[in-house]
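Protein chains in written order, with full-length UniProt numbering: chain U, 1 to 216; chain P, 1 to 216.
Think of the CB as a built atom: it goes at the ideal place given N, C-alpha and C, for glycine as much as any other residue.
Here the structure is a predicted model, which means the values were calculated and not measured.
Below you'll find the structure, written out as structure tokens, and then a few comments.
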DNA sequence: CATTTGTAGATTGTCAACAATCTATTTTGA
DNA sequence: TCAAAATAGATTGTTGACAATCTACAAATG
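Quick look at the structure:
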């Protein structure tokens with residue numbers, strides 16, 4: 001396939017290095033969402049600074065993002081801790097809002113997504129099946145997030161994506177702690193497979209019906 | 001009323017000084033929401049730094065908050081500009097989400113709000129009436145925001161309030177530019193008066209009905 | 001002349017030192 | 001002894017200097 005003399009087709013890797021605050025933000029966010037930092041856990045700037053070998057500047061900026069995102073709360077001159085959400089608010093505010101965003105995105109999807117996007121989503125389904133077979137809940141819920149993330153990110157403006165992202169992050173953190181209520185992992189895979197099928201067909205009516213039960 | 005010898009009742013003013021980032025954040029946010037900074041306007045850290053006489057640290061933190069809030073967008077190493085939202089997203093995502101949040105809050109209000117809160121809200125209605133009489137649209141829409149802000153802030157957790165705040169900020173900025181579609185300023189006042197009445201009565205059924213048409 | 005390469009200035013990103021504030025503990029004074 | 005005041009240590013807030021990156025324009029190259 002790759003010919004050493006064929007320099008025409010050679011490509012250097014894209015520089016994937018982002019800013020340090022981006023790195024710090026993602027790192028802390030993942031720790032919270034995946035449950036490694038539980039509600040109430042304290043974030044100390046100097047401690048994180050030493051662990052990541054980064055000055056406090058970028059760390060403070062990352063904390064401001066996380067705070068606005070609603071994953072941590074800062075008490076001026078005192079401390080910043082990981083938040084704890086009330087069940088009621090999760091059910092009445094976060095869940096329906098997320099549903100509405102994903103419905104909106106899914107209905108635009110057929111005219112927005114490219115072949116690459118669909119290939120990516122197909123691949124996620126494949127990996128979901130694998131994760132389900134291996135009873136790997138962590139991986140499955142990770143793929144779940146990535147599936148919807150891709151659709152929303154492509155069908156909605158950056159500002160709106162930020163809102164969806166903050167909501168789904170909080171939900172993910174919440175349900176990981178509570179444990180999935182799904183009857184089986186296989187059901188999760190099936191539901192996503194159907195969803196992707198409906199998006200491809202562009203049948204907005206049935207997309208709405210499907211999302212209605214999917215969320216529950 | 002105030003007796004110079006009556007030192008018992010003397011109170012110093014609360015130290016209202018917040019952190020600089022808070023100050024900078026509010027300042028920029030207001031400029032955007034009130035339309036003094038239009039979509040596409042560029043934010044230069046050094047420029048703001050000089051104008052406010054504050055170092056770039058707090059300004060950068062404020063920008064991170066505004067970015068996560070969705071009012072500005074930063075392109076790494078390039079620039080940060082005030083965002084522009086699509087009409088479609090405003091209608092399908094922001095408006096229903098805000099409505100849902102305010103419905104949730106209003107339904108809890110009767111058992112949460114104190115006499116002080118109700119006094120505050122009554123006072124806002126009075127001021128609204130004044131603003132309406134004087135055809136002062138700016139002041140009216142400011143009071144409108146403050147009215148709902150108070151209710152939501154008291155009936156919902158800080159993390160949820162942040163979401164509502166980010167949404168209502170974007171809507172405010174949007175509609176200020178487009179101009180109010182209300183038939184008259186007096187209608188706005190009436191609707192809020194009725195709303196407050198319904199909240200006092202705790203009639204959740206009618207609150208829902210009222211909010212339904214209020215938003216439109 | 002068109003394209004690439006190399007600057008200069010502007011702007012954002014990062015850092016380390018210093019200042020302000022809070023908490024917990026100790027000291028003081030009655 | 002007990003409450004108020006002072007103090008020390010920890011932590012967050014702010015600053016100014018320096019580094020990295022981008023844009024636009026000038027210079028070089030063919």
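In DSSP terms, what residue i is bridged to
i                     : result
residue 43 of chain U : U:80
Residue range of the beta strand (DSSP E) that includes residue i
i                     : result
residue 74 of chain P : 72-75
Nearest-angstrom Cβ-Cβ length linking residue i and residue j, presumed shorter than 8 Å
i                      : j                      : result
residue 72 of chain U  : residue 43 of chain U  : 6 Å
residue 38 of chain U  : residue 82 of chain U  : 7 Å
residue 65 of chain P  : residue 64 of chain U  : 5 Å
residue 90 of chain P  : residue 171 of chain P : 7 Å
residue 190 of chain P : residue 148 of chain P : So it is not a contact: roughly 16 Å between Cβ atoms.
residue 193 of chain U : residue 151 of chain U : Residue 193 of chain U to residue 151 of chain U, Cβ: 14 Å. No contact.
residue 32 of chain U  : residue 131 of chain U : Going by Cβ atoms, the distance from residue 32 of chain U to residue 131 of chain U rounds to 22 Å, so no, they are not a contact pair.
residue 157 of chain P : residue 85 of chain U  : 7 Å
residue 62 of chain P  : residue 70 of chain U  : Contact flag wrong, Cβ pair sits at about 18 Å.
residue 108 of chain P : residue 155 of chain P : 4 Å
residue 56 of chain U  : residue 67 of chain U  : 15 Å between Cβ atoms; not a contact.
residue 106 of chain P : residue 199 of chain P : 6 Å
residue 58 of chain P  : residue 21 of chain P  : 4 Å
residue 96 of chain U  : residue 100 of chain P : 6 Å
Beta-carbon neighbours of residue i, restricted to chain U and to distances below 7 Å
i                      : result
residue 251 of chain P : Limits of chain P in this structure are 1 at one end and 216 at the other, which puts residue 251 of chain P out of reach.
residue 64 of chain P  : 61, 64 and 65
residue 69 of chain P  : 68
residue 40 of chain P  : Ordered by position in chain U, no residue passes the 7 Å Cβ test against residue 40 of chain P, which lies about 14 Å from the chain.
Contacts of residue i in chain P (Cβ-Cβ under 9 Å)
i                     : result
residue 85 of chain U : 157, 159 and 160
residue 89 of chain U : 104, 156, 157, 159 and 160
Where residue i meets chain U, residues with beta-carbon distance less than 8 Å
i                      : result
residue 118 of chain P : The premise fails here: residue 118 of chain P is roughly 23 Å from chain U at the closest Cβ pair, so nothing lies under 8 Å.
residue 204 of chain P : Within chain U, no residue comes near residue 204 of chain P; the closest Cβ sits about 13 Å away, beyond 8 Å.
residue 96 of chain P  : 100
residue 35 of chain P  : Going along chain U, no residue has its Cβ under 8 Å from residue 35 of chain P, so there is no contact; the nearest lies around 17 Å.
First through last residue of the alpha helix (DSSP H) which encompasses residue i
i                      : result
residue 100 of chain P : 95-112
residue 92 of chain P  : It is not in any alpha helix (DSSP H) - residue 92 of chain P carries neither H nor E in the DSSP assignment.
residue 132 of chain U : 115-133
residue 188 of chain P : 185-201
residue 24 of chain U  : 20-33
residue 141 of chain U : 137-155
residue 66 of chain P  : 56-69
Chain-ordered neighbours of residue i on chain P, where CB pairs are closer than 7 Å
i                     : result
residue 19 of chain U : 76
Neighbour list for residue i in chain P, Cβ cutoff strictly below 8 Å
i                     : result
residue 93 of chain U : 100, 101, 104, 156, 160 and 163
residue 73 of chain U : 158 and 159
Contacts of residue i in chain U (Cβ-Cβ under 9 Å)
i                      : result
residue 169 of chain P : Correct list: empty, because the minimum Cβ distance to chain U is about 11 Å.
Validate contact between the stretch 119-126 of chain P and the stretch 133-146 of chain U using beta carbons, cut 8 Å, 3 pairs: no
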